[in-house]
Amino acid sequence: MQYLKIEKEDGIVQITIDREDKLNAMSLDVMNEFISVLDELEKDSSKVIIITGAGQKAFSAGADIEYMSKIGPTEAEKYAIRGHEVLNKIEKLEKPVIAAINGYALGGGCELALSCDIRFASPNAQLGQPEVTLGICPGWGGTQRLLRIVGPARAKDLIFSGRRINAEEAMSMGLVNKVFSSENLLSETKSYAKNIAKNSNYAVGISKMLVNRGMDTNLDTGLKLEIYSWSL
Ligand code: HXC
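Sequential numbering from 552 applies to the sequence shown in my numbering.
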């Protein structure tokens, strides 16, 4: 791995996007590395995954703007699809994934965090979907996942304006679960992850699946899925 740093301890896996000089912007190489790591995590005995960014400034400043400025529609579609593959894998992984947002989480960086189950942030976090300021729309699930997390009015506000919000505002709209000081963000995230890891992997995984499915189905179907899963 060149751009992702992987650390494993007691069933907790920390994935750090390690491209600090580019504010952890996610090039195609970064996304390809994510696919390899997630393929492994689907099968191994790890219990909780944490995603964060290298350095003090950024979780991730998004998709790689330099790369995007050079490509045509065919490569652009491939890049969009690759991003969706990564974020879908995170969402469908039968293990909790926590984003530790230690600075900018913009565009694709915010979308990466949206695909996680829990979002913790440091006070210097800045979240946003600035794509329209670049003449593009969100392309890694922002229009869909932001809508589901904060509702249509807030999602449209953030997407139409491209404005950045701080950790406090993000928490007020349910986009961030909790804010920890920059020094404590990772240690608090790890200790939260360790608490989850004490519980049954199976029960946590199936609960994740049920909540996720519940967002996209009617109540009756969601409840039937719960009965079926509970009695397995
Ligand atoms: C590539 C990036 C980058 C990005 C920052 N850098 N963001 N490179 N892609 N998304 C690089 C800069 O070019 C610079 O490299 C270095 O990181 C430091 O960035 P600065 O701009 O000098 O830092 P600062 O002045 O502190 O400003 C921080 C910032 C700004 C406000 C976060 O960098 C910024 O606005 N970045 C773009 C954020 C954004 O629009 N993201 C959405 C991208 S679109 P050098 O080599 O000059 O030092 C997207 C679409 C997703 O994500 C869907 C795709 C299909």
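Ideal placement from N, C-alpha and C gives every residue a C-beta, glycine not left out.
In this text, all values refer to a predicted model and were calculated from it rather than measured experimentally.
Between residue 700 and residue 725, which are expected to be in contact by the criterion C-beta below 8 Å, what is the C-beta distance as a whole number of angstroms?
Taking the sequence shown and counting its residues from 1, one reaches residue 700 at position 149. Taking the sequence shown and counting its residues from 1, one reaches residue 725 at position 174. About 6 Å separates the two Cβ atoms, so the contact holds.
Tell me, please, which residues DSSP counts as bridged to residue 599.
One-based indexing of the sequence shown puts residue 599 at position 48. Answer by DSSP bridge pairing, in chain order: 563.
The ligand HXC and residue 615: does the residue's C-beta get closer than 7 Å to at least one heavy atom of that ligand?
To locate residue 615, count along the sequence shown from 1; it is residue 64. Under cutoff, so the answer is yes.
Using alpha carbons as the reference points, say which of 660, 655, 667, 659 lies closest to residue 644.
Indexing the sequence shown from 1 puts residue 644 at position 93. Of the listed residues, the one whose Cα sits closest to residue 644 is 667.
Select from 652, 596, 584 the residue whose C-alpha is nearest the C-alpha of residue 563.
Numbered from 1 along the sequence shown, position 12 holds the residue referred to as residue 563. It is 596.
For residue 744, collect the residues of the same chain with a Cβ closer than 7 Å to its Cβ; drop the 5 residues on either side in sequence, then sort them by chain order.
Taking the sequence shown and counting its residues from 1, one reaches residue 744 at position 193. Excluding positions up to five away in sequence, the list reads 563, 599, 601, 649.
Buried or exposed: residue 615, going by 16 or more other Cβ atoms within 10 Å of its Cβ?
Position 64 of the sequence shown, counting from 1, holds the residue named residue 615. With 16 or more other Cβ atoms within 10 Å, it is buried.
Note the first and the last residue of the continuous alpha helix (DSSP H) segment covering residue 605.
Taking the first residue of the sequence shown as 1, we reach residue 605 at position 54. Looking at the DSSP string, residue 605 is not in any alpha helix (DSSP H), and its letter there is neither H nor E.
Can you say whether residue 577 is buried or exposed, counting buried as having 16 or more other CB atoms within 10 angstroms of its CB?
In the sequence shown, residue 577 corresponds to position 26, counting from 1. Buried, because 16 or more other Cβ atoms sit within 10 Å of the Cβ of residue 577.
Under 8 Å by Cβ, that's how I've got residue 683 and residue 710 pegged, so tell me the actual separation to the nearest angstrom.
Stepping through the sequence shown from its first residue, residue 683 is reached at position 132. Stepping through the sequence shown from its first residue, residue 710 is reached at position 159. Indeed they touch by this definition, with Cβ atoms about 7 Å apart.
Quick one: Cα of residue 590 to Cα of residue 695, how far?
Position 39 of the sequence shown holds residue 590. Position 144 of the sequence shown holds residue 695. Roughly 24 Å separates the two Cα atoms.
Excluding the 5 residues preceding and the 5 following residue 669 in the sequence, name in chain order all residues of the same chain whose CB lies nearer than 6 Å to its CB.
Here residue 669 refers to the residue found at position 118 when the sequence shown is read from its first residue. Around residue 669: 649, 728.
When the Cα atoms are used, what is the spatial distance from residue 592 to residue 586?
Looking up residue 592 in the sequence shown gives position 41. Looking up residue 586 in the sequence shown gives position 35. If I take the Cα positions, the gap works out to 10 Å.
Go through its chain and collect everything with a Cβ distance to residue 740's Cβ below 7 Å, but skip five positions before and after it.
Residue mapping note: residue 740 aligns to position 189 of the sequence shown, counting from 1. Excluding sequence neighbours, residue 740 sits near 601, 649, 651, 671.
Report yes if the C-beta of residue 691 is less than 7 Å from at least one heavy atom of the ligand HXC; otherwise report no.
Here the question's residue 691 lines up with position 140 in the sequence shown. Under cutoff, so the answer is yes.
Grouping DSSP H, G and I as helix and E and B as strand, with all else coil, what is residue 695?
Locating residue 695 in the sequence shown gives position 144, counting from the first residue. In the structure shown, residue 695 sits in a helix (DSSP, three-state: H, G or I).
Would you say the beta carbon of residue 636 is closer than 7 Å to some non-hydrogen atom of the ligand HXC?
On the sequence shown, position 85 is the one that residue 636 refers to. Flag unset: Cβ of residue 636 not near the ligand HXC.
Can we count residue 630 as close to the ligand ADP, meaning its CB is less than 7 Å from some heavy atom?
Absence of the ligand ADP is noted for the structure shown, with the ligand HXC being the only ligands found.
Can you find the residues in the same chain that come closer than 7 Å, C-beta to C-beta, to residue 765, ignoring five residues on each side of it along the sequence?
By 1-based counting over the sequence shown, the position of residue 765 is 214. 773.
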